[in-house]
Amino acid sequence: MKYFGRFLLAVFAVSLSMHSACAEETAAPRYRIGDAWSFVSVDALSPARNIRFTETITHRTPDGADLRVDDAAGHTWQKALDADGNTVRSLNYLPNPTDRRLKFPMSVGMRWTVDYDLGPLHFTFNRQVVGFEEVQTRAGTFKAYRIEGSGTVKSAGQTSSGEVTETSWYAPAAKRIVKDDWHSKIQDRLPAQVHIELVQMLIAKSGEAR
């Protein structure tokens, strides 16, 4: 009986610890100039879209940060993040206002809805942080928030529509989404099944944090 009592106490302690961890909030990332991340992007349905690229923080701005992106083919371009780490500009990727993949302070259970335009397409996305778990990447194992999203897509003039699902893992230690799975099926467009994963990172140890 004593053993059973100790067992229940241990289970309660673990449960309380997990609840406490889930109840905590994580603040927005604080970038440093020189922070860098390398990713691989693989489209299972269109291998020609596969790419490896590196993003490096070059400037801190009042609204977020600017990055330099270098791909394996030798191309370079600029990218801008908002204060929460969402992309606001990258080549022809210009979501209006933002795709809002991330929202801070972040905690398990939070939900949000975002509407944004991307070229002729209008997206409505519902996102939810469903857990805080370990996730495996080529760069190693991270403790990360698992964010699940689903949405609809409509084109200007309602000439085509479709559905999108996305699962992202945001790792506070990496300051970025370290793994992302995107599935889309939009009328009159090629379907996509894209997997993006962190393969290497360098977090600057000196310099002023944003």
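Numbers -23 to -1, 1 to 187, taken from mature numbering (1 follows the signal peptide of the UniProt record, and there is no 0), label the letters of the sequence shown in order. Where a beta carbon is used, it is the ideal one built from N, C-alpha and C, also for glycine. None of the values given here were measured: they were computed from a predicted structure.
**Request:** Decide if Y70 is buried, meaning its Cβ has at least 16 other Cβ atoms within 10 Å, or exposed.
**Result:** As a working mapping, residue 70 is identified with position 93 in the sequence shown. It is exposed - the Cβ of Y70 has fewer than 16 other Cβ atoms within 10 Å.
**Item:** Simplified DSSP state of A42, which is helix, strand or coil
**Value:** For the purposes of this step, residue 42 is identified with residue 65 of the sequence shown, where counting begins at 1. Strand, per DSSP.
**Best match in I10, A4 and A5 for proximity to I180 [C-alpha to C-alpha]** = Stepping through the sequence shown from its first residue, residue 180 is reached at position 203. Looking at the Cα atoms, I10 is the closest of the given residues.
**Request:** For I28, write down the residues that DSSP places opposite it in a beta bridge.
**Result:** Counted from its first residue, the sequence shown places residue 28 at position 51. Partner(s): S18.
**Item:** Distance between S137 and K80 (C-alpha atoms, nearest Å)
**Value:** Sequence index remark: in the sequence shown, residue 80 carries index 103 (1-based). Sequence index remark: in the sequence shown, residue 137 carries index 160 (1-based). About 29 Å.
**Message:** Taking its Cβ as the centre, do 16 or more other Cβ atoms sit within 10 Å of P72, making it buried, or is it exposed?
**Reply:** On the sequence shown, position 95 is the one that residue 72 refers to. P72 comes out buried.
**Prompt:** For A133, which residues from the same chain have a beta carbon less than 7 Å from its beta carbon, with the 5 sequence-adjacent residues on both sides left out?
**Reply:** One-based indexing of the sequence shown puts residue 133 at position 156. Correct list, in chain order: P97.
**Nonlocal neighbours in the same chain, by C-beta distance under 6 Å from residue 188, ignoring five residues either side** = Residue 188 cannot be examined here, being either before or after the span of the chain that is shown, -23 to 187.
**Item:** Best match in V85, A50 and N63 for proximity to R78 [C-alpha to C-alpha]
**Value:** Here residue 78 refers to the residue found at position 101 when the sequence shown is read from its first residue. The shortest C-alpha separation from R78 is found at N63.
**Asked** So what does E2 bridge to, in DSSP terms?
**Response** Translated into positions along the sequence shown, residue 2 becomes position 25. According to DSSP, E2 bridges with nothing at all.
**Request:** Leaving aside the five residues before and after A148 along the sequence, list all residues of the same chain whose C-beta is less than 6 Å from its C-beta, in chain order.
**Result:** Walking along the sequence shown from the start, residue 148 turns up at place 171. Answer for A148: F119, A121 and V155, listed in chain order.
**Request:** Go ahead and label P74 buried or exposed: buried means 16 or more other beta carbons lie within 10 angstroms of its beta carbon, across all protein chains shown.
**Result:** For the purposes of this step, residue 74 is identified with residue 97 of the sequence shown, where counting begins at 1. Exposed is the call here.
**Prompt:** Among H172, E1 and M178, which one has its Cα closest to the Cα of G86?
**Reply:** Locating residue 86 in the sequence shown gives position 109, where the first residue counts as 1. The candidate whose alpha carbon is nearest that of G86 is E1.
**Whole beta strand (DSSP E) elements within the stretch 96 to 142, 3-residue minimum** = 98 to 114 and 117 to 132
**Prompt:** P6 to A50, Cα distance in whole Å?
**Reply:** Numbered from 1 along the sequence shown, position 29 holds the residue referred to as residue 6. Numbered from 1 along the sequence shown, position 73 holds the residue referred to as residue 50. Going from the Cα of P6 to the Cα of A50 covers about 29 Å.
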